[in-house]
Amino acid sequence: MFFFALGTVCNKTIENMSKSFCFLLFCVLPAYSASAQTDRNALLKEFYRLDSLGDVLVYDKPEQALSGSKKMIELAQTLQDDSLILRANYVQGECLENLGIFDSALKSYYFVLSKAEQVGHCYIHCSALFTIGRVYQSMNDPAKSLEFIRKAKQRAIECHIYRDTATYNYDIGFNMVLLRDTIAGLRIVEDNTNMARKLHNEEDLIYGLDNLSNLLAETGKPVEALKYELELLQIPAVLEDNTKRTGVYEHLSEIYFKLNDLENAQKYQRLCMKYAEELGSKDWILEGYKLQYMIDEARGNYKSALENHKTYLVIKDSVYQVQYHEKMAAMSSLYELETKQKTIELLKLDQKIKEKEIAQQRILLLLGLLSLIIVVLMIRFRNQRKTNAMRQAFAQDLLKVQETERQRISKDLHDSVGQNILFIKNQLHRLAPLPDQQLISSVDSTLEEVRNIAKDLYPNQLEQYGLQSAVDSLCETAQETSGIFVSSDLQGIDAKLNREAKINFYRIIQECINNAMKHAGATSIRITSKQSPGKLELVVQDNGKGFDKSILERKAQRSFGMINMEERIKMLRGRFDLETAVDKGVKLTFSIPV
């Protein structure tokens, strides 16, 4: 009876405790839930604030937008929301793309592509495919670009997102032209543009007309290109948007220049400069000065051409410096993020290992004391070795990443160190009429060492920015050292040449400039390229004293440089022509199949 009574009392006590506990949960859980919801709302509010800010900064200040995208990724992961994770990584990819860091941008977009496919987000899946295609287009890989944009169009049709297929068609046609399927590519773009005209869709019509004009101009049909570019000026949305208007004026000036209509080329160049200055756009101002010195040169106003060319180079250097520093800051920030993420992953892995060890120890406590001691020691030893191996592997990977990054940054800085030293030397001369000669000698020695290092390396600008940019830099250097007016116009040449051809053309141009400076007595050197179906021509011409061409028929009279140029062009399966006469200057034409 005693035990029965005791059991009854215990049961009532337990029942009362259960009721009290349930009451406590009933009171506490809603409060906890409300607090958690408040925290979630605060995180969401911060995420959308950063997203809105990123939309404003992504094109003008992409390095700041990149910093915001990192915080967005952290917030999205904390909220465990797939849509937010997709959005945050997409924004990060846009920032990296606008900074020209295409490999890292592709990494972000491929993550979005995989995640969108995993969670079944059709629209983002289409957008990611299209954006990856556009990045490959920026990387001068039209075949890869065409592959992804076609996939995007197919996916859009499957998802019934027909509105986006018009944009995809434009880029499909554009890439086909780049891949030399010119007729079919132009037909696609033209059909799409005509459809936009019939539907009175201004946005698609503007995009189509601009594409048609650019493609026709690049494929040697400036008259047809002019017709479409002028049609753009009839669209109110273009005239109401100064950015669009500036772009149209710049393209019109280029087309009229190709048609040798210098009066209209000058007219639209001035309109371009007017609105570019109102917008404060250094990129458009840069293009305006480039057009001006080309027009001046064509008119024979060499003094004005030289002054405008110098201004163009100063602005160009300023723009490249800003882009360079933005890119370096972004890369540093991205590197820190990747390092932080790897560290977090390692800490999480350590935590999982420790939790596993604790679980194993609790199970082993049921065994005998001796077995427990032996098993615990074995597990601890095994896990410690595993942990040490993982830590060691991580440390090695981290060091490799750091060394690779430092090597890359060091290589990039080589291009600016010499300029900085030269600036310091000039400042010393300007600030002190009679500066310390030992200091000047030290600066000269340092500058010479930097230049010697640069000469031993592969032309860094050729690797990073392409042949056009490298030749512009070469012309600038030749002009500064000799006082001869040296100019180049190699628009679109990089898309037609592989790495070997770019190197050979660079060396050929280098040799031509050196020959003209040493032997020709020229005051002007002009470098141009001409593209036609299946062929690309490079022309280097000077206004020097020329020479008797029959001299070259005697092989013994050929210089090493001339032989070197001939061998390089043979490597490219091309041909080399020379036009010259006494007091008639020299014109060298190099043509290769493409």
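Numbering (our numbering), first residue to last: 2 to 595. The beta-carbon is built from N, C-alpha and C at its ideal position, and this holds for glycine as well. Fair warning: this is a prediction, and the values are worked out from it, not measured in the lab.
For residue i, report the span of its alpha helix (DSSP H) as first-last.
i      : result
Val587 : Where Val587 is concerned, there is no enclosing alpha helix (DSSP H), although the beta strand (DSSP E) it sits in stretches over Val587 to Pro594.
Ser128 : Cys123 to Ser139
Thr529 : Per DSSP, Thr529 belongs to no alpha helix (DSSP H); it is in the beta strand (DSSP E), Ser525 to Ser533.
Asp192 : Thr183 to Lys199
Tyr163 : That residue, Tyr163, is in no alpha helix (DSSP H); it is neither H nor E in DSSP.
Ser70  : Pro63 to Leu80
Arg271 : Leu263 to Leu280
Glu241 : No alpha helix (DSSP H) holds Glu241; DSSP gives it neither H nor E.
Asp284 : Lys283 to Arg300
Asn505 : Arg500 to Asn516
Asn202 : No alpha helix (DSSP H) contains Asn202, which DSSP labels as neither H nor E.
Lys108 : Phe103 to Val120
Leu88  : The sequence given here places Arg at residue 88; Leu does not occur at that position. Asp83 to Asn99 is the extent of the alpha helix (DSSP H) around Arg88.
Leu231 : Pro223 to Leu233
How far does the beta strand (DSSP E) with residue i in it reach, from first residue to last?
i      : result
Val540 : Lys536 to Asp543
Going by the DSSP bridge assignment, what does residue i pair with across the sheet?
i      : result
Glu580 : Lys588
Ser483 : Paired residue(s): none; Ser483 is not in a bridge.
Asp490 : Thr529
Considering only C-alpha positions, which residue in the set the options is nearest to residue i?
i      : options                           : result
Leu272 : Arg246, Leu263 and Asp297         : Arg246
Lys283 : Ser442, Ile236, Thr244 and Asn141 : Thr244
Leu491 : Ile528, Tyr269, Ala238 and Arg569 : Ile528
Tyr313 : Glu298, Leu292 and Gln438         : Leu292
Arg300 : Lys355, Leu217, Asp549 and Asn261 : Asn261
Val59  : Ile425, Ala496, Tyr91 and Leu85   : Tyr91
Lys387 : Gln361, Tyr276, Glu568 and Ile354 : Ile354
Asp56  : Leu80, Arg41, Tyr250 and Asn99    : Asn99
Glu477 : Ala43, Ala218, Asp318 and Glu95   : Asp318
Gly467 : Asn215, Ile494 and Gln480         : Ile494
Tyr250 : Lys222, Thr220, Gly221 and Asn215 : Asn215
Ser489 : Glu501, Asp473 and Leu373         : Asp473
Phe149 : Ser592, Asp172 and Val178         : Asp172
Asp578 : Val540, Val239 and Met572         : Val540
Ile509 : Thr590, Asp211 and Gln81          : Thr590
Arg181 : Ala582, Gln439 and Leu217         : Leu217
Arg275 : Gly248, Met566 and Phe258         : For clarity, residue 275 is Lys in the given sequence; the question names Arg instead. It is Gly248 whose Cα lies nearest to the Cα of Lys275.
Ile570 : Asn505, Gly586 and Ile552         : Asn505
Ile593 : Asp584, Ala582, Leu537 and Met566 : Leu537
Phe258 : Tyr294, Leu287 and Leu280         : Tyr294
Asn212 : Glu203, Glu191, Gly221 and Asn202 : Glu191
Thr581 : Gly209, Asn565, Ile552 and Leu378 : Ile552
Val595 : Glu464, Glu501 and Gln361         : Glu501
State the CB to CB distance for the pair residue i and residue j, rounded to an integer number of angstroms; the pair is presumed to be in contact (CB under 8 Å).
i      : j      : result
Asp83  : Val120 : 5 Å
Leu263 : Glu230 : With 8 Å as the limit, Leu263 and Glu230 do not qualify as a contact, their Cβ atoms being about 17 Å apart.
Tyr290 : Ile316 : 6 Å
Gln462 : Ser470 : 6 Å
Glu512 : Gly575 : Wrong, their Cβ atoms sit about 15 Å apart, outside the cutoff.
Ile86  : Lys116 : 7 Å
Glu358 : Ile380 : 7 Å
Asp549 : Val583 : 6 Å
Val178 : Ile207 : About 19 Å separates the two Cβ atoms, so there is no contact after all.
Can you determine whether any heavy atom of the ligand COA sits closer than 7 Å to the C-beta of residue i, and answer yes or no?
i      : result
Val487 : Annotation note on the ligand COA: not contained in the displayed structure, which lists no ligands.
Three Cβ pairs or more, each shorter than 8 Å: is that satisfied between the segment 46-54 and the segment 73-93? yes
Would you check if there are 3 or more beta carbon pairs closer than 8 Å linking the segment 61-68 to the segment 103-110? no
Three-pair Cβ contact test at 8 Å for the segment 230-237 versus the segment 263-271: no
Does the count of Cβ pairs from the segment 162-174 and the segment 196-216 closer than 8 Å reach three? yes
Count Cβ pairs between the segment 477-495 and the segment 127-139 that sit closer than 8 Å; are there 3 or more? no
For the segment 520-527 against the segment 544-551, are there 3 or more C-beta pairs whose distance is under 8 Å? yes
When you compare the segment 531-541 with the segment 494-507, are there three or more beta-carbon pairs, one atom per stretch, that lie closer than 8 Å? yes
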